[in-house]
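Protein sequence lines, in the order shown, are assigned to chains L and C. Each residue of the first sequence is one higher than the last, beginning at 1 in the working numbering. Each residue of the second sequence is one higher than the last, beginning at 241 in the working numbering. Positions of the beta carbon are idealized from the N, C-alpha and C atoms, including for glycine. Quick caveat, the model's predicted, so the values are computed rather than measured. Quick notes on the structure that follows.
Number of protein chains: 2
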Amino acid sequence: MTQDTEEWVDRLAKARATGERSSMIEWVADVLRGQIFEGTFEPGQRLREEKIGEILEVSRNTLREAFRLLGHERLVVHQFHRGVFVAQPSADDVADLYRVRRALELSAVRGASGAPRSGIDAVAAAVTEGEQALGGEDWWGIGTANMRFHEAITALAGSRRADEIMRQLLAEMRLVFHIMKAPREFHAPYLTSNRRISDLLSAGRTEDAEAALAAYFDIAERQLLEAYDRGGPAGPDAPG
Amino acid sequence: MTQDTEEWVDRLAKARATGERSSMIEWVADVLRGQIFEGTFEPGQRLREEKIGEILEVSRNTLREAFRLLGHERLVVHQFHRGVFVAQPSADDVADLYRVRRALELSAVRGASGAPRSGIDAVAAAVTEGEQALGGEDWWGIGTANMRFHEAITALAGSRRADEIMRQLLAEMRLVFHIMKAPREFHAPYLTSNRRISDLLSAGRTEDAEAALAAYFDIAERQLLEAYDRGGPAGPDAPG
DNA sequence: CACAGCTAATTGTTCAACAATCTGACAAGG
DNA sequence: CCTTGTCAGATTGTTGAACAATTAGCTGTG
Numbered sequence: 001m002t003q004d005t006e007e008w009v010d011r012l013a014k015a016r017a018t019g020e021r022s023s024m025i026e027w028v029a030d031v032l033r034g035q036i037f038e039g040t041f042e043p044g045q046r047l048r049e050e051k052i053g054e055i056l057e058v059s060r061n062t063l064r065e066a067f068r069l070l071g072h073e074r075l076v077v078h079q080f081h082r083g084v085f086v087a088q089p090s091a092d093d094v095a096d097l098y099r100v101r102r103a104l105e106l107s108a109v110r111g112a113s114g115a116p117r118s119g120i121d122a123v124a125a126a127v128t129e130g131e132q133a134l135g136g137e138d139w140w141g142i143g144t145a146n147m148r149f150h151e152a153i154t155a156l157a158g159s160r161r162a163d164e165i166m167r168q169l170l171a172e173m174r175l176v177f178h179i180m181k182a183p184r185e186f187h188a189p190y191l192t193s194n195r196r197i198s199d200l201l202s203a204g205r206t207e208d209a210e211a212a213l214a215a216y217f218d219i220a221e222r223q224l225l226e227a228y229d230r231g232g233p234a235g236p237d238a239p240g
Numbered sequence: 241m242t243q244d245t246e247e248w249v250d251r252l253a254k255a256r257a258t259g260e261r262s263s264m265i266e267w268v269a270d271v272l273r274g275q276i277f278e279g280t281f282e283p284g285q286r287l288r289e290e291k292i293g294e295i296l297e298v299s300r301n302t303l304r305e306a307f308r309l310l311g312h313e314r315l316v317v318h319q320f321h322r323g324v325f326v327a328q329p330s331a332d333d334v335a336d337l338y339r340v341r342r343a344l345e346l347s348a349v350r351g352a353s354g355a356p357r358s359g360i361d362a363v364a365a366a367v368t369e370g371e372q373a374l375g376g377e378d379w380w381g382i383g384t385a386n387m388r389f390h391e392a393i394t395a396l397a398g399s400r401r402a403d404e405i406m407r408q409l410l411a412e413m414r415l416v417f418h419i420m421k422a423p424r425e426f427h428a429p430y431l432t433s434n435r436r437i438s439d440l441l442s443a444g445r446t447e448d449a450e451a452a453l454a455a456y457f458d459i460a461e462r463q464l465l466e467a468y469d470r471g472g473p474a475g476p477d478a479p480g
C-alpha cells in the first residue's frame with residue numbers, strides 16, 4: 001500500500017451515491033473508467049476486488065465483469081491470480097498508438113470531401129472549445145477539447161467502429177499523459193495546429209489538411225517519446 | 241535494483257509481462273468463438289446461459305464473463321434482460337467494416353517499404369496457402385487463407401493494436417459470410433488478386449499494390465452488398 | 001381480434017463457500 | 001551475507017444456490 005490516507009475511497013463512495021443505471025456492470029465500468037481518467041487511480045496501481053466491491057457496494061462477480069470490459073479496452077491489465085492493475089503504457093505502446101491513429105485519422109481526413117458539413121462543423125467546434133478553455137486557463141478543458149477534436153476528425157469517416165476504436169485509443173492516451181506526468185498544458189501548443197487543420201478542412205483543402213495533421217502526429221509523438229526518455233522506465237515490474 | 245544490462249533480463253521480463261495463462265473464462269470464450277465461426281450457432285441465434293453453461297460444465301457467472309468478452313468483440317449482442325444473441329451484421333455493418341479495413345490495410349501497404357522482409361514473406365505464404373487449398377478444392381481452406389492474407393497485410397504496419405483490431409474485424413466478416421450464405425468459394429475468385437498484390441509488394445511497388453488492394457475492396461464490398469440485397473433484410477428483429 | 005392480467009421462464013445480482021495461487025516473512029543451511 | 005525451502009495469510013478463480021427484476025407466453029374476456 002502506498003498511502004494510508006487513501007483519498008480515492010471517498011471518491012468512489014461519492015460516485016456510488018450519485019445514481020443508478022440500467023446495468024450495474026456498465027455503471028461500475030463507467031465509474032472506474034472515469035476515476036482512471038481523473039487520475040484517482042495511478043497507472044500501475046492494483047485494484048483489489050474485495051475493497052472496491054465493498055466501496056461501490058457491488059458483488060465481486062459484478063465487479064469482475066466490469067473489469068473484463070476495462071481490460072478489453074486496455075485500461076487495466078488482468079494478470080491471472082494476481083489481480084487487475086491500471087495499465088501503464090510503455091514507450092512502445094505510445095508508438096503503437098500513433099501508428100493506428102495515423103491510419104485512422106489521416107484516412108478520415110483524406111475522405112473528408114465526402115463528409116457532411118456537420119462533421120466539419122464538429123471539428124471546428126472542438127477547436128473553438130479548446131481556444132475558450134485556453135482563454136480561461138482551464139488546462140483540463142484544453143485536454144478534453146483536444147480529445148474531442150481528434151474524435152471529430154475520426155468521425156469524418158462516418159464509421160461507428162472507427163469512432164469506437166478511436167475512443168479507446170484516446171482513453172489510452174490519457175493514461176500516457178498521466179504516466180509522463182505531463183499536465184494538460186501539454187495540449188495547449190497544438191491548439192494553433194488544430195485551428196489550421198480545421199480551417200483547411202472548412203476550405204475543402206483536404207490534402208493540405210492531411211499534411212498538416214501528419215506533421216502534427218510526427219511532432220506530438222516525438223515530444224511524447226522524448227518525455228518518456230527523460231522520465232525513464234516507470235518501474236521494474238510495470239504491468240501493461 | 242541496479243542496472244543489470246544483460247539481455248536475458250529483458251527477455252524474462254517481457255515473457256512475464258506477456259504471460260497470460262489459461263483461465264476458464266478465456267477457454268469458454270475460445271470455444272464459443274470457434275463454434276460461431278464454424279456455423280454451429282447461426283447469426284441471430286439466442287444463447288441461453290443455463291443451457292450452454294450446463295453443456296460446457298461451467299457456472300453461469302463464468303459463462304457470463306465469457307459473454308462479455310465476445311460482446312466486446314461484436315460477435316454476440318447483449319440485450320438487457322433478454323439475453324445474448326449471435327451477432328447479425330447488417331448491410332450497414334458491412335459498409336462500416338470495409339471503411340475501417342480500408343483505413344488500416346491500405347495504410348499498412350502504403351508503409352510497406354519500411355516493413356521487414358518477413359512480413360512480406362508472410363503475405364506471400366498466405367497466398368500460396370490459398371492456391372494450394374484451391375487445388376485441393378478445399379473451400380474452407382481458401383476462406384481461412386484469405387483471412388490470413390489480410391491479417392498479414394495488416395501486420396506490415398507492425399502494430400499490435402492494428403493486428404488485434406483486424407482480427408476482430410475479420411471475425412465479424414465471417415459472420416457476414418454466414419449470413420449471406422455465401423459459401424467459402426466466394427473467396428476463390430480473389431486469389432488471383434491476392435497473388436498480384438503480393439507480387440507487387442515483393443517487387444517493392446507499394447503504390448501499385450495499394451491501388452490493387454483498393455480495387456479489391458471496391459469489388460468485394462459491392463459484391464457483398466449486392467448479395468445482401470438479393471437475400472433481403474434478414475429479419476425484423478435482427479439484433480446486431 | 002385486441003387486450004389486460006397472470007404465470008412461467010430467463011436474466012441480473014448477490015452471497016457464501018472452497019480451490020488455486022501468489023505474497024511475504026522467517027528459519028535453515030551454505 | 002546470501003540463497004533456499006517452508007509455511008501461513010491474503011487474494012483471486014470458480015462454483016452453486018438464492019432471490020429480484022424483467023420478459024415472454026398464455027388465457028380469458030370483451
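Limits of the beta strand (DSSP E) - the one that residue i falls within
| i | result |
| --- | --- |
| F85 (chain L) | 83 to 86 |
| H318 (chain C) | 316 to 319 |
Candidates the options, of which the one nearest residue i by Cα
| i | options | result |
| --- | --- | --- |
| S118 (chain L) | L:G111, L:T144, L:A155 | L:A155 |
| D163 (chain L) | C:I276, C:L337, C:G279, C:L309 | C:L337 |
| L56 (chain L) | L:V31, L:T206, L:A152, L:A157 | L:V31 |
| V262 (chain C) | L:S159, L:T128, L:G130, L:H81 | According to the sequence shown, residue 262 (chain C) is Ser rather than Val. Closest by alpha carbon: L:H81. |
| A196 (chain L) | L:R33, L:G71, L:V123 | The residue asked about is misnamed: residue 196 (chain L) is Arg in this sequence, not Ala. Per the Cα distances, L:V123. |
| G376 (chain C) | C:T432, C:A428, C:A269, C:G323 | C:A428 |
| F177 (chain L) | L:E38, L:I219, L:Q45 | L:E38 |
| G231 (chain L) | L:M180, L:L213, L:L191, L:R205 | L:M180 |
| L344 (chain C) | C:V326, C:L309, C:R400 | C:R400 |
| N386 (chain C) | C:G370, C:A397, C:I393 | C:G370 |
| D199 (chain L) | L:T128, L:E73, L:A108, L:L47 | L:T128 |
| A133 (chain L) | L:A211, L:R174, L:L191, L:A212 | L:L191 |
| T206 (chain L) | L:H72, L:A112, L:G158, L:R74 | L:A112 |
| A452 (chain C) | C:N434, C:G444, C:A348 | C:N434 |
| E73 (chain L) | L:A157, L:D208, L:M173 | L:M173 |
Delimiting residues of the alpha helix (DSSP H) encompassing residue i
| i | result |
| --- | --- |
| R167 (chain L) | 160 to 179 |
| S107 (chain L) | 107 to 110 |
| S433 (chain C) | 431 to 442 |
| A214 (chain L) | 206 to 231 |
| T302 (chain C) | 300 to 312 |
| L296 (chain C) | 289 to 296 |
| R33 (chain L) | 24 to 38 |
Cβ-based neighbour list, residue i, same chain, cut-off 6 Å, excluding 5 preceding and 5 following
| i | result |
| --- | --- |
| R300 (chain C) | E289, G293 |
| R102 (chain L) | F217 |
| G354 (chain C) | none |
| F281 (chain C) | Q275, V326 |
| E65 (chain L) | I25 |
| G240 (chain L) | A caution first: G240 (chain L) carries a pLDDT of 49, below 50, which makes its placement in the model unreliable, though a value can still be read off. The residues are V77, A87, Q88. |
| R388 (chain C) | A366 |
| L464 (chain C) | V334 |
| Q45 (chain L) | V86 |
| T168 (chain L) | Going by the sequence as given, residue 168 (chain L) is Gln instead of Thr. Answer for Q168 (chain L): E73, listed in chain order. |
| R110 (chain L) | E210 |
Close Cβ partners of residue i (< 8 Å) along its chain, the five nearest in sequence each way excluded
| i | result |
| --- | --- |
| E221 (chain L) | V94, A95, Y98 |
| E185 (chain L) | W139, I142 |
| D469 (chain C) | A331 |
| S150 (chain L) | Here residue 150 (chain L) is His; the residue named in the question, Ser, does not match the sequence. If we look at H150 (chain L) and ignore the five residues flanking it on each side, its Cβ neighbours are R101, E105, M166, L170. |
| T302 (chain C) | M264, I265, V268, G293 |
| A392 (chain C) | G359, A362, V363, A365, A366 |
| A454 (chain C) | R342, L346 |
| P476 (chain C) | Note that P476 (chain C) has pLDDT 39, beneath the 50 cutoff, so the model's placement of it is unreliable and the number below is only indicative. Hits under 8 Å: none found. |
| L287 (chain C) | L272, F281, F307, V316, G323, V324, F325, V326 |
Residues of its chain near residue i, where Cβ-Cβ distance is below 7 Å and the 5 sequence neighbours each way are ignored
| i | result |
| --- | --- |
| L70 (chain L) | A29, L32, R33, V76 |
| K51 (chain L) | none |
| P116 (chain L) | none |
| F67 (chain L) | V76, H78, V84 |
| A467 (chain C) | M420, A422 |
| T384 (chain C) | none |
Problem set entry | Whole alpha helix (DSSP H) elements within the segment 338 to 393 of chain C, 4-residue minimum | 347 to 350, 357 to 375
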